[in-house]
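In my numbering, the protein residues as written are 94 to 654. Below you'll find the structure, written out as structure tokens, and then a few comments.
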Ligand code: HEM
Ligand code: SF4
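Below is the structure:
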């Protein structure tokens with residue numbers, strides 16, 4: 094093997110356009126796992142090999158292989174699905190996965206706990222609802238996000254249409270998925286090609302989001318490629334295009350850092366596909382392929398410079414960028430409860446703790462949403478904060494929907510704003526990267542943080558708090574006013590200073606804190622905030638004004654301090 098090639102690159106190159114030996118790996122009944130190469134290839138098909146980390150030790154002692162199962166992530170551009178699709182996703186979650194659905198921070202469904210023998214059934218099942226998992230994970234463009242903006246329904250419809258087109262345009266062209274999972278016809282190798290990706294696909298994952306101002310709930314600046322919709326009188330005129338955002342970092346490695354995307358310029362909607370393709374192709378050719386921890390577009394931009402990237406994209410697309418149009422974002426959280434759209438239909442945003450759809454002791458979330466799907470005439474929209482909007486409810490149906498959500502305990506009314514503004518990633522027990530808990534710890538942490546804020550007279554504190562089990566940053570913690578990033582078992586780094594709109598990175602404040610230290614630190618910070626805050630000032634702005642953390646101006650220089 095050439096020592097200058099990353100093993101993942103060889104796996105991709107030798108996979109015959111993502112077929113690998115997946116069929117054989119699936120058929121092998123001696124193990125619950127895939128072969129190591131197929132475990133990489135499977136990501137491009139939307140599923141990820143995992144094992145139950147709570148059971149690792151016990152199984153090792155009993156000389157058993159780890160308890161393998163699979164996480165599968167659907168492709169659902171902009172997080173929109175119909176009630177019929179919801180019912181299919183719900184049924185598969187209950188019958189072929191661990192009994193729950195996970196709504197993700199990139200607006201899609203994730204299943205956990207799928208056994209190897211059931212993968213094909215899951216993929217065939219979601220296919221019946223016209224949903225696929227192509228590019229759910231892997232080194233390609235992932236699920237394209239789009240602000241779910243229910244109020245401006247015409248504008249949302251138009252922008253969402255572009256999000257779908259971008260998603261379709263950047264799909265891998267290989268027939269491997271259809272062939273392996275959907276029993277599609279086998280293609281002769283010579284017929285196949287990947288015009289956008291080539292045989293080795295991208296150096297690393299690639300994320301795209303479309304925002305509709307004034308809401309930045311998609312956290313457009315955290316993406317490799319971003320589109321900000323520019324509208325005049327409710328009609329779309331074009332997009333400001335952004336490039337080079339990304340969250341992941343490695344603890345203690347100053348050459349890795351979260352980064353906000355930069356402006357490339359304004360394009361018309363019709364030019365957006367060519368520009369998206371050119372950004373992807375530039376990253377395909379110029380991205381780092383040896384060291385995967387520096388392989389995202391953000392590091393390419395740092396290396397070649399924004400102007401060189403813009404020139405390259407203009408040359409490849411034939412599109413000339415106009416100067417970006419002014420935009421203003423007011424928030425990056427969700428707005429809960431009922432709201433009436435411009436077309437007279439109603440939309441209800443429900444809080445889904447940790448995005449986990451299941452029935453609990455107080456709230457029958459899964460059952461309630463299934464009951465609603467049976468009568469709902471609008472659509473479901475998964476938000477980028479892993480909540481759910483029942484969108485497009487006709488006025489004459491509002492009362493019926495309201496009755497179900499009340500009966501099943503699904504309204505957000507009894508939750509604090511701190512809880513409603515927070516997100517946690519999955520972490521343990523399924524995520525192989527997790528160093529600390531996130532989803533399972535969040536409810537307890539939120540109780541304690543609420544009690545603290547109430548003690549300082551800040552019960553109505555509007556706060557964006559995000560917690561992840563490791564520095565990869567799946568819940569976008571580096572944009573939060575309070576970010577907690579797992580460092581080791583029950584230990585977190587504390588970051589402060591996001592601006593509540595997702596346009597400013599926060600800053601590492603304290604490292605490796607245990608719970609008492611986190612709560613002790615928040616206690617004194619909340620005390621100061623209560624005493625010194627200016628009218629209307631956000632916590633994230635206060636910590637900078639008060640000199641508690643310096644503002645982050647340059648991610649590469651500032652992040653590790
Ligand atoms: C090196 C970087 C990263 C790696 C290796 C990584 C890996 C993973 C893994 C293994 C999971 C599955 C966890 C589970 O469901 O058990 C996951 C979930 C997820 N990741 Fe990442 N991730 C990275 C960065 C990111 C970033 C920066 C984002 C978004 C900004 C992101 C978005 C997501 C989402 C939406 C999920 C689904 C669960 C959720 O909503 O928390 N990931 N990631
Ligand atoms: S942030 Fe880390 S622990 Fe959390 S889901 Fe992502 S990779 Fe796993």
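Cβ atoms here follow ideal geometry from the backbone N, Cα and C, with glycine treated the same way.
Among the options, the one whose alpha carbon lies nearest that of residue i
i	options	result
residue 492	353, 441, 380	441
residue 370	211, 234, 197	234
residue 332	352, 381, 621, 255	255
residue 320	301, 277, 337	301
residue 135	437, 253, 651, 269	269
residue 343	564, 324, 436	564
residue 279	501, 109, 437	109
residue 275	241, 228, 230, 212	212
residue 206	250, 127, 163	163
residue 381	397, 157, 437, 544	397
residue 346	328, 311, 386, 329	386
residue 137	98, 299, 262	299
residue 447	399, 393, 174, 199	199
7 angstroms CB neighbourhood of residue i in its chain, flanking five on each side removed
i	result
residue 377	290, 291, 295
residue 583	529, 607, 608
residue 374	289, 409
residue 546	511, 552, 554, 619
residue 364	412
residue 421	306, 307
residue 621	639
residue 536	446
Residues near residue i by beta carbon distance below 8 angstroms, same chain, minus five either side
i	result
residue 286	266
residue 559	515, 516, 517, 568, 569, 570, 572, 573, 575, 576, 577
Collapsed DSSP secondary structure at residue i in the structure displayed
i	result
residue 132	helix
residue 629	coil
residue 238	strand
residue 270	helix
residue 211	helix
residue 95	Confidence at residue 95 is low in this model, with a pLDDT of 47, below 50, so the placement of that residue should be treated as unreliable; the coordinate-derived value is given next. Note: residue 95 maps to coil in three-state DSSP.
residue 224	coil
residue 621	helix
residue 442	strand
residue 120	helix
residue 249	helix
residue 319	strand
Length of the line joining the Cα atoms of residue i and residue j
i	j	result
residue 457	residue 184	15 angstroms
residue 314	residue 596	7 angstroms
residue 372	residue 402	8 angstroms
residue 416	residue 359	6 angstroms
residue 297	residue 463	37 angstroms
residue 95	residue 113	Any reading at residue 95 is ruled out, since the residue's pLDDT is 47, under 50, leaving its predicted position unreliable.
residue 625	residue 506	29 angstroms
residue 532	residue 139	22 angstroms
residue 636	residue 643	8 angstroms
residue 623	residue 614	14 angstroms
residue 189	residue 122	18 angstroms
residue 318	residue 334	7 angstroms
residue 427	residue 100	41 angstroms
residue 322	residue 356	13 angstroms
residue 542	residue 612	7 angstroms
residue 406	residue 253	24 angstroms
residue 379	residue 489	55 angstroms
residue 414	residue 455	53 angstroms
residue 272	residue 203	23 angstroms
residue 556	residue 579	20 angstroms
For residue i: DSSP bridge partner residues
i	result
residue 600	589
residue 576	559, 588
residue 101	In DSSP, residue 101 forms no bridge with anything.
residue 174	473
residue 255	The partner list for residue 255 (beta bridge, DSSP) is empty, contrary to what the question assumes.
residue 195	203, 449
residue 143	162
Own chain, CB closer than 6 angstroms to residue i, minus 5 neighbours either side, in chain order
i	result
residue 484	243, 440, 471, 472, 474
residue 179	466, 473
Any chain C beta carbon closer than 8 angstroms to residue i
i	result
residue 542	Absence of chain C from the displayed structure is noted, only one protein chain being present.
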